[in-house]
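Below is one structure; the comments refer to it alone.
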Amino acid sequence: MNNKHRKILSAVFTDPVNGNLEWRKIEALFLELVAELNEQSGSRVSFSLNGEKLDVHRPHPGKEALKYRVKDARNFLINAGVRL
3 MNNKHRKILS
13 AVFTDPVNGN
23 LEWRKIEALF
33 LELVAELNEQ
43 SGSRVSFSLN
53 GEKLDVHRPH
63 PGKEALKYRV
73 KDARNFLINA
83 GVRL
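Numbering (the numbering used here), first residue to last: 3 to 86.
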């Protein structure tokens, strides 16, 4: 994992939740962790990692992940066994 991915991982686990992260960077982190990506209809995507699944809509028209998406990403990573 490179330094950029480590920074995003740290930002996802930061309290209070940062609602100013770019969603594409969180997706890149998931893919770096070898999560499987399944494109769905519209802006819907599904990730699976270590038996855990996350279904979300990509943000639009903005690019920032809202706080609830960051919380969902954090819970997905925790349940998949990913730690800081």
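Just so you know, even glycine gets a beta-carbon here, dropped at the ideal spot from N, CA and C. Remember, it's a predicted structure, so these values are computed and weren't measured experimentally.
Distance from the CA atom of L86 to the CA atom of F15, rounded to whole angstroms, is 8 Å. Proximity to I28 across A67, G83 and D57 peaks at A67, based on C-alpha coordinates.
Distance between P61 and W25, taken at the CA atoms: about 7 Å.
Between the C-alpha atoms of F32 and L79 there is a straight-line separation of about 8 Å. Across the set N4, N20 and R8, the C-alpha of N20 shows the shortest separation from the C-alpha of D74.
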